[in-house]
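Data block below; observations after.
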Amino acid sequence: MTRFTSATDDDREQMLAAVGARSIEELFADIPPNLRLKRPLELRDGLPEEQVHDELAELARRNVDAERESCFLGAGMYDHYVPAIVDSITQRSEFLTPYTPYQPEVSQGTLQVMFEFQTMISELTGLPVANASLYEGPSSVAAAAYLAKQHTGRSRIVVSRAVHPHSRETLATYAVGFGCEVVEVPLAGGATDADALAAAVDSDTAAVILQQPNFLGAVEDLERLAPIAKATGALLVTSVDALTLGVLRPPGEFGADIALGEGQMLGNRLDFGGPSFGFFAAREEYVRRMPGRIAGEALDADGRRGFVLTLQTREQHIRREKATSNICTSQALNATAGTIYLAWLGRQGIVEIGELMAKRTAYARKRLTQIEGVELLHSEPVVREFALRLSAPVDRVLDHCAMRGIAAGYALGHDYGELADGLLVAITERRSRADIDRLADALADALVRTAEPESAAVST
Amino acid sequence: MTRFTSATDDDREQMLAAVGARSIEELFADIPPNLRLKRPLELRDGLPEEQVHDELAELARRNVDAERESCFLGAGMYDHYVPAIVDSITQRSEFLTPYTPYQPEVSQGTLQVMFEFQTMISELTGLPVANASLYEGPSSVAAAAYLAKQHTGRSRIVVSRAVHPHSRETLATYAVGFGCEVVEVPLAGGATDADALAAAVDSDTAAVILQQPNFLGAVEDLERLAPIAKATGALLVTSVDALTLGVLRPPGEFGADIALGEGQMLGNRLDFGGPSFGFFAAREEYVRRMPGRIAGEALDADGRRGFVLTLQTREQHIRREKATSNICTSQALNATAGTIYLAWLGRQGIVEIGELMAKRTAYARKRLTQIEGVELLHSEPVVREFALRLSAPVDRVLDHCAMRGIAAGYALGHDYGELADGLLVAITERRSRADIDRLADALADALVRTAEPESAAVST
Amino acid sequence: MQRDRVVTIFERSRPGRRAAQLPALDVPDVALDELIPSNLLRSRPPVLPEISEPEIVRHYNRVSRRNFDLDTGFYPLGSCTMKHNPKVNERVAAFAGHARLHPLQAPQRAQGALELMWLLQQALGAICGLPHVSLQPSAGAHGELAGLLLTRAYHADRGERRHKVLTPDTAHGTNPATVTMAGYEAVKVATDGRGGIDIEDLRAKADSDVACLMLTNPNTLGLFDENIEQIAELVHGTGATLYYDGANLNAVMGISRPGDMGFDIVHVNLHKSFSQPHGGGGPGAGPIAVSDRIEPFLPRPQVVRRAPVNGGEPAYDLDHDRPRSIGRLRGFQGNFGVFVRSYAYILSLGGDGLKEASETAVLNANYLLARLKRGRAGSFLPVAFDRTCKHEFVLSGAPAKKKLGVSTLDIAKRLLDHGFHPPTVYFPLLVHEALMVEPTETETTETLDAFADAIDDILAEAEQDSAIAQSAPYTTPVRRLDEVGATRRPVLRQPL
Amino acid sequence: MQRDRVVTIFERSRPGRRAAQLPALDVPDVALDELIPSNLLRSRPPVLPEISEPEIVRHYNRVSRRNFDLDTGFYPLGSCTMKHNPKVNERVAAFAGHARLHPLQAPQRAQGALELMWLLQQALGAICGLPHVSLQPSAGAHGELAGLLLTRAYHADRGERRHKVLTPDTAHGTNPATVTMAGYEAVKVATDGRGGIDIEDLRAKADSDVACLMLTNPNTLGLFDENIEQIAELVHGTGATLYYDGANLNAVMGISRPGDMGFDIVHVNLHKSFSQPHGGGGPGAGPIAVSDRIEPFLPRPQVVRRAPVNGGEPAYDLDHDRPRSIGRLRGFQGNFGVFVRSYAYILSLGGDGLKEASETAVLNANYLLARLKRGRAGSFLPVAFDRTCKHEFVLSGAPAKKKLGVSTLDIAKRLLDHGFHPPTVYFPLLVHEALMVEPTETETTETLDAFADAIDDILAEAEQDSAIAQSAPYTTPVRRLDEVGATRRPVLRQPL
Ligand SMILES: Cc1ncc(COP(=O)(O)O)c(C=O)c1O
Ligand SMILES: Cc1ncc(COP(=O)(O)O)c(C=O)c1O
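Going down the list, the protein sequences come from chains B, E, U and Z.
All residue numbers for the first sequence refer to the numbering used here, where the first residue is 1 and numbers rise by one.
All residue numbers for the second sequence refer to the numbering used here, where the first residue is 1001 and numbers rise by one.
All residue numbers for the third sequence refer to the numbering used here, where the first residue is 2001 and numbers rise by one.
All residue numbers for the fourth sequence refer to the numbering used here, where the first residue is 3001 and numbers rise by one.
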């Protein structure tokens, strides 16, 4: 008997008797004998809880996390502080352990949070409708392309090279399935090349996908790009960083049809990349094509206000092969964390955090580019992340900084062959001026040392 | 406005208007002006949550806790594993945030847990009644002495020198107040000297206090000591380690009048010594003199089963200067943790953990005494803790072991001048055979090195 | 559960209140429009709530109490495996070494995380009987999509283009929905009299244009398809792949392996068989296990173990260099936090424990079914296919509807008043007025008995007065909601 | 709240079930009676529950739902300062560096913990206006005992033996109870017409046999004693000490300091003013702050800061070498986990924030009082002393009882049906049918308004039909319980 089960030998006997079976094996008689596993699984024996704890603690210790070093890594996920109320509320079994609110009468908690979440996302993006979450950022980009294809009947997706590489790759993966050609618009400096965009968009273009701020941290000139993107009737899809939307003009105001994004920065842990959530907002006209759960207000039999899952005829469990998406289990608890985080941040906080990041980022950008061997990769406006060029091999510089307890940023060369000397540096409200100054020192030091011969450098 | 308050400037104005005051200061007009603090408190400015988190994390990092070293420290508190359900249940706001269950109709949760706790303590100790918790171990010893004094009208308390030094010191502190003489019975080897006990007990003796297992880890021969202790009508008070009561005969079966103890080992964190809880069980005849809250079953107006605080006429809020104790706020949440832990451990587990500790302790005792320079301090039977004599200065040995990531035990010399070479080593289910073997290696190594001249030793 | 009036967080908001306090500005102040052109700046802050910490806590605490949850009561939601979520999993997932690890941390500084993923891959491979695992998919449906994209890549690699994917009529909705998203045509296969695949129908449809057959086994009727070997042979004969929807893996862990049954691709719902809490609808994870011939196409990056260098520890790495890969399905490495919990779960149970879990799940289901059969459910809610079930079973409420006038929905709603979460209803579609009951292994016989009694009570009550069930529930935070009205005039956000 | 039938954990127990799984025996097996004489061994295991983890979780989850809690609703329990408990405090207290630190760890390896304690001592000293602090006492009453033992030691040191301790008739029960435990005789001092100490009565009783006057200021009527300077002079004139029961410190933080008022010894309830959650009745902590002349007698050990060696960091230590100390009051160093939370709270608020907390606490109390006065409470529940109150106020239910036939208890019970925790009732004893209301600073005006409305509704209802309140509550998990019966035939444990 495991510690999670209750059937004692006595229980088993009594239950088998009630079933009319002589043995547990008999219950599996319908499995052809040669398909039955004749030996134990190749797994270790079960462990007491404390040993499970200790083994996981040992694995965790072998990771250098953002508690142990000063983390300037971003590129889609960011080391923001998750307030304690987020954990204490999401760990309540009432939110943690139920499933999708199929029975609204006993799921008003989850449903109300969804409704509040949708309202917040709608407010942030400046678009009237939002769903209750998707898996995460990049797959939401692919979902938007699918919507655009279904909606327009067109088969080209135009995507800026300044969109997150993971989003572009995911889009490409999905597009092979639903049958779309993906066309990439090059960069001009740090931003999307407007002329190339104009050239790329044609009458078979279902969607144009941009990112704000883009992967290199640049604030795209959406005022200029939006009309170009929409010129031929394509849907304008913007992938946005929700935490910048206290200061940046929301996509809805630029005429975006869909705004979506990664939700990790909203009260979710880094968790080595997941689970987090994707959000997805759109203009009214797309609501019946949106993927994912949507909560709506409803009245009960006594006229009391409540909430239900609504517009379910979009969904796989009703429409099956005609569904607008195959998504079922999504990321409700992560979106709940996002909701609590946004309530915590509040109307003032969302602006303040954007301003704080923008000002610290400006400081960091200036401070770091004063270092010999460091220059700006682009000079576009930025909010929370910016790109540099280093005069020494980026990976070696990163290793040097790591030895000093600093994750200095992300090497752009992983994704952009043409930017092999590029470093992407992210700033959050957790990275103080002192942290930035320490990064500057480490970077300066690393650049000097990595200029030295390898052997000497290694001995540090 | 702090982040925990809601009164905006507008709120304040509106509220002041309702009160009919012009300013907040006016509300403090009754404080004589020269008693008003004219300057800010000498405290730092308030910090954002994340900075509070970071500062506390930094302080925590400067402690070597049992997650970071192999901990053989015991002497009253032990590094047992606290199962995750204990935290997840006690962190539910329903248990965490209410106060003493003064309104039973909306406090059935707390009251039921108290009732279950009392039942478990009663079962463990073999005594019919238990209260719902006291502060912790040593002050519970003092509380028992106070009860004995009140009950018998006598004024001598006889305590074995094998009782925890903190208990003896606390007793001495309290006894000055309630006016009792405290008489100590010496050790004979590792246990209480039975003859000396017989000599110490007289007709003015209110209580005899023994500890099981005693501070040196020895299982006292209560069968022999109990009749001696009770010979003149004194109350026999035993301080017990609850986690040994799956294997050790319970105090109630030896005729103890009161059994009490420290509750930390029952699902409570080490927490550098607190908060934990004290438990207190007694024979029926003392129930109306017991200190602390007691829950009892009761029926409601509709005949439904419920629980209430009962026998409150013992308590300070009813009886004031005639109360049997001054205790008010106690350690309810810690006792709740204890209740969950005991439910988790269960009828089989309480025996198994005792047996596991006893067998590992036997192994460790044998293994360590094979080391050159280590010998048994006593050879009494032990369950989870035992005492050694070292041939080198204990503190230096401990420092050496600490450098190897091992807290080797507690130096008895702190409390027993005559045992300056004594080391007390504790075993829990967390200390594996491999840990014990590592301790043996470290100890052997330390004994060799501390025999060397100081300077050489330090360079390790 | 809380029955108070709905108040949203926005309705609790008052101008000027706040919970967040951010670090003070510690760098030179600059006007924002000196940094960013003002036409790209927001003119009016988004209307988020203004509320203090204590009030946020109270709000969500109160709201939470309007949920039914697994830690409070029985939740036999068929197909969802609502088993206990061990609390230690939450504890280990919260370690800073996991929770605050950046996904782009260099592999040499994330060895613990990569090893954990590798160990989980190994374990899932062993359980599924297939050698290669990708943890990337975010849920079951995502795993299905991966499976069909893998199928496409496999066929393409062999120079084939196939257009159809077969799914049984009992399939979960995600199966056909995925077929469409993956650019295939969904073709339904019929169910035979014993609740398995109708072999004749399959034979008729399994032609060379079929790319894949997606199957659940035990299927959504809770029945093991005894003909699985024949099915596999048939499907493989056409050159198609065989996909295993692992939602029902909880019935056969350590007992029978999909790989041995002949499946090429399997998805595993970590939020079902492997105890990840359901969170109100996620997060979950849908790792896939595949056979050798599918392996080259697995998503990128893949967690690999590199041979030890200089006799040291083996090194774990992310392999991006997979030229035939279908590519990424999402950002970063997958739902790592879910992997931690499920790996902890597997460690807790071990091989024997997993097997015992499946045995007990099946025993509990058969016991509950036997109990129900003996009562009024025997006549009013008969089991759809009268065989030994696996971890769940499907009842038909058609007789109850006809004879008593109470529908499956009515019975489900009335169960709420008895303090139980209802089973899955109206699925699978094949069964009229279906009630799909999955007790899981972590329930006691006492709970199963109480549930059977409640069903019996409800039917007995309906024999007397069907109106009671028809208007149930009565004791829940709200009563039946007007879903039709909600769809007709959708209110999807709060007007502010 | 849950209204289901009571089932205890023992009643859920079934032979053979279990949750705990312990590490396997990894040392040679020996029979237990080879290690320990069999007459000292237990013959029959204690009857603890036998139950699996999922069932334990469900049990206590369900049981928990039968509690009213601060995170769900307003809890104006007078004298208890039920302010919000910041969640970050729980987070930082759980760090392994705190939670798994052994109390006997060598000071050089526990520097963080000792520094934290030292910083908390400093902060409490600053708030109290007294230079020396001991954190040892476990709660307020324990602090009181410490205070009287210090008083005794102080007098003894001067060769004096005094026998009496004065407490006002409004004093909390712990004050006189402590007096007795400390071996003194409790002498009551009367209250004057403004709710303060009756100076004449005090003068009459303050003779040279008085060891101490224990005072709460603001007192339990919520009123600041304006004559405190005169009182201090009078008491000090006799050579006695002046003890400050700090339960009401939440009214004056940063505004007025007990040390400046002339108090020699102060206890602070960390579970009141400093936000430690109340836990259903603890844990708390009752640190004491004292003046120079009391310092030599402080409990042992004391956390001290030693001057930096070689210009390094200062070292924190436990000083056991205090020859005039009263000794220990408990094991180890006190309720360290509580210190972590309260220190985090002080860091969160800072000096200004603490002052604002007190200001708002007082404003909220006066506002609520004003709101109540204006309604029916004005005539049926008049305030006992009509002055500006501090953080709380006391109403008298005597008129309601007389005119409406509803007692303070009835009103309290009826409040439960309105979703509020009642105020403290029947304390202080001085006030007939007392209702002691402490809203705290963390409540909104909306909540205060709603509470005032509820009181008004209850009184209005009682004007129509007093029987309703007399039999309240109706909506709680249980209704009024037979406390008399429970005392008469106590059932204090479950028979097994
Ligand atoms: C049989 C079956 N298949 C597939 C799925 C889809 O899995 P997920 O919800 O994880 O996407 C489910 C989940 O409900 C299911 O029950
Ligand atoms: C005025 C007053 N004094 C003393 C105490 C005793 O404090 P504690 O409960 O912490 O022992 C209380 C607590 O209720 C109180 O309100």
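Cβ coordinates follow ideal geometry from the N, Cα and C atoms, glycine included.
**Report entry** Cβ neighbour criterion (16 or more within 10 Å) applied to Z:Lys3402
**Finding:** Here residue 3402 of chain Z refers to the residue found at position 402 when the fourth sequence is read from its first residue. Counting Cβ neighbours within 10 Å, Z:Lys3402 comes out exposed, since fewer than 16 surround it.
Query raised in the report: Would you say U:Cys2080 touches ligand 1, meaning its beta carbon is less than 7 Å from a heavy atom?
Result: Reading the third sequence from its first residue, position 80 is the one you call residue 2080 of chain U. Result yes, Cβ under 7 Å from ligand 1.
**Report entry** Cα-Cα separation between Z:Leu3409 and U:Phe2393, rounded to whole angstroms
**Finding:** Translated into the one-based positions of the fourth sequence, residue 3409 of chain Z becomes position 409. Translated into the one-based positions of the third sequence, residue 2393 of chain U becomes position 393. Distance from the CA of Z:Leu3409 to the CA of U:Phe2393, rounded to the nearest whole angstrom, comes to 54 Å.
Query raised in the report: Is the Cβ-Cβ distance between U:Pro2495 and U:Thr2220 less than 8 Å?
Result: Counting from one through the third sequence, the residue named residue 2495 of chain U turns up at place 495. Counting from one through the third sequence, the residue named residue 2220 of chain U turns up at place 220. Cβ distance not < 8 Å, so U:Pro2495 and U:Thr2220 don't count as in contact.
**Report entry** Environment of B:Thr460 [buried if 16+ CB atoms lie within 10 Å]
**Finding:** If you number the first sequence from 1, residue 460 of chain B lands on position 460. Bear in mind that a pLDDT of 38 at B:Thr460, under 50, signals an unreliable position, so the number given afterwards is only what the model happens to contain. Per the 10 Å Cβ criterion, exposed.
Query raised in the report: Taking the C-alpha atoms as reference points, what is the distance between U:Pro2323 and B:Glu169?
Result: Within the third sequence, residue 2323 of chain U is the residue found at index 323, counting from 1. Within the first sequence, residue 169 of chain B is the residue found at index 169, counting from 1. Their Cα atoms are separated by approximately 13 Å.
**Report entry** Length of the line joining the Cα atoms of E:Phe1115 and E:Ala1144
**Finding:** Reading the second sequence from its first residue, position 115 is the one you call residue 1115 of chain E. Reading the second sequence from its first residue, position 144 is the one you call residue 1144 of chain E. One C-alpha to the other measures close to 21 Å.
Query - Status (buried if at least 16 other CB within 10 Å, exposed otherwise) for U:Gly2350 - result: Within the third sequence, the letter at position 350 stands for residue 2350 of chain U. With 16 or more Cβ atoms within 10 Å of its Cβ, U:Gly2350 is classed as buried.
Query - Neighbour flag for B:His53 against chain U, beta carbons, 8 Å - result: As a position in the first sequence, residue 53 of chain B is number 53, starting the count at 1. Closer than 8 Å to some Cβ of chain U, the Cβ of B:His53 qualifies, so yes.
Query raised in the report: Just checking my contact of E:Ile1427 with E:Arg1384 at CB under 8 Å: how many whole Å lie between their CB atoms?
Result: Here residue 1427 of chain E refers to the residue found at position 427 of the second sequence. Here residue 1384 of chain E refers to the residue found at position 384 of the second sequence. Rounded, the Cβ-Cβ distance is 5 Å, consistent with contact.
Requested in this report: Could you name the residues of chain E that B:Pro83 contacts, counting a contact when the two beta carbons are closer than 7 Å?
Outcome: Within the first sequence, residue 83 of chain B is the residue found at index 83, counting from 1. By Cβ distance, chain E contributes Glu1049.
Query raised in the report: Where do the N-terminal and C-terminal ends of the beta strand (DSSP E) with B:Arg347 fall, by residue?
Result: As a working note, residue 347 of chain B is residue 347 in the first sequence. For B:Arg347, no beta strand (DSSP E) segment is defined; the enclosing uninterrupted segment is the alpha helix (DSSP H) at 332-369.
Query raised in the report: Is any heavy atom of ligand 2 found at a distance shorter than 7 Å from the C-beta of Z:Gly3279?
Result: Here the question's residue 3279 of chain Z lines up with position 279 in the fourth sequence. No, the beta carbon of Z:Gly3279 sits no closer than 7 Å to any heavy atom of ligand 2.
Report task. Might you give, ordered along the chain, the residues of its own chain that have their beta carbon closer than 6 Å to the beta carbon of Z:Tyr3075, omitting 5 neighbours on each side? Result -> As a working mapping, residue 3075 of chain Z is identified with position 75 in the fourth sequence. Cβ within range, chain order: Met3082, His3421.
Query - Per-residue DSSP class, three states only, for B:Arg156 - result: The residue given as residue 156 of chain B occupies position 156 in the first sequence. Residue state, collapsed to three classes: strand.
Report task. Using only the heavy atoms of ligand 1, determine whether one of them is closer than 7 Å to the beta carbon of B:Gly437. Result -> Looking up residue 437 of chain B in the first sequence gives position 437. Here the sequence assigns Asp to residue 437 of chain B, which means Gly is not the residue at that position. No - ligand 1 has no heavy atom lying nearer than 7 Å to the Cβ of B:Asp437.
Report task. Check the DSSP bridge columns for Z:Cys3212 and list the partner residues they point to. Result -> If you number the fourth sequence from 1, residue 3212 of chain Z lands on position 212. For Z:Cys3212, which the question treats as bridged, DSSP gives the partners Z:Val3165, Z:Thr3241.
Requested in this report: Determine whether the Cβ of U:Pro2076 lies closer than 8 Å to any Cβ atom of chain Z.
Outcome: In the third sequence, the residue the question calls residue 2076 of chain U occupies position 76. No, because no Cβ of chain Z sits closer than 8 Å to the Cβ of U:Pro2076.
Report task. Return yes when at least one heavy atom of ligand 2 lies under 7 Å from the C-beta of Z:Ile3140, else no. Result -> Here residue 3140 of chain Z refers to the residue found at position 140 of the fourth sequence. Per the sequence presented here, residue 3140 of chain Z reads as Gly, with Ile not at that position. Checking every heavy atom of ligand 2 against the Cβ of Z:Gly3140, one is found closer than 7 Å.
Requested in this report: Pull up the distance between the alpha-carbon of E:Asp1194 and that of E:Leu1225, whole angstroms please.
Outcome: Here residue 1194 of chain E refers to the residue found at position 194 when the second sequence is read from its first residue. Here residue 1225 of chain E refers to the residue found at position 225 when the second sequence is read from its first residue. Sequence inspection shows Ala at residue 1194 of chain E; the Asp mentioned does not correspond to that position. For the pair E:Ala1194 and E:Leu1225, the Cα-to-Cα distance works out to about 6 Å.
Query - For E:Leu1120, three-class secondary structure by DSSP - result: Working through the second sequence from its first residue, we reach residue 1120 of chain E at position 120. Per the sequence shown, the amino acid found at residue 1120 of chain E is Met instead of Leu. Collapsing the DSSP output to three states places E:Met1120 in a helix.
Requested in this report: Please confirm whether Z:His3508 and Z:Val3290 have their CB atoms less than 8 Å apart.
Outcome: There is simply no residue 3508 of chain Z to check, as chain Z begins at 3001 and stops at 3496 in what is shown.
Query raised in the report: So what's Z:Ile3288 in DSSP terms, helix, strand or just coil?
Result: Counted from its first residue, the fourth sequence places residue 3288 of chain Z at position 288. Here Z:Ile3288 sits in strand by DSSP.
Query raised in the report: With a CB to CB cut of under 6 Å and the five nearest residues on each side skipped, what residues in its chain are close to B:Ala66?
Result: Looking up residue 66 of chain B in the first sequence gives position 66. Excluding positions up to five away in sequence, the list reads Asp79.
Report task. Find the residues of chain B that neighbour U:Glu2229, judging by a C-beta separation of less than 9 Å, and give them in chain order. Result -> Position 229 of the third sequence, counting from 1, holds the residue named residue 2229 of chain U. Residues of chain B passing the Cβ test: Pro32, Asn34, Leu35.
Query raised in the report: U:His2267 lies in the beta strand (DSSP E); which residues open and close that run?
Result: Counting from one through the third sequence, the residue named residue 2267 of chain U turns up at place 267. Where U:His2267 is concerned, the enclosing beta strand (DSSP E) stretches over 2265-2268.
Query raised in the report: Does B:Arg430 have its Cβ less than 8 Å from a Cβ in chain E?
Result: Indexing the first sequence from 1 puts residue 430 of chain B at position 430. Interface criterion met: the Cβ of B:Arg430 is under 8 Å from a Cβ in chain E.
Query raised in the report: Relative to the C-alpha of E:Ile1371, which residue among E:Val1382, E:Glu1352, E:Ala1392 is closest?
Result: By 1-based counting over the second sequence, the position of residue 1371 of chain E is 371. Looking at the Cα atoms, E:Ala1392 is the closest of the given residues.
Requested in this report: Over the uninterrupted alpha helix (DSSP H) stretch that includes Z:Asp3453, give me the two end residues.
Outcome: Against the fourth sequence, residue 3453 of chain Z aligns to sequence position 453. 3445-3464 is the extent of the alpha helix (DSSP H) around Z:Asp3453.
Query raised in the report: Are Z:Glu3053 and B:Arg12 touching if we call contact CB-CB under 8 Å?
Result: Along the fourth sequence, read from residue 1 onward, the residue named residue 3053 of chain Z stands at position 53. Along the first sequence, read from residue 1 onward, the residue named residue 12 of chain B stands at position 12. Going by C-beta atoms, Z:Glu3053 is not nearer than 8 Å to B:Arg12.
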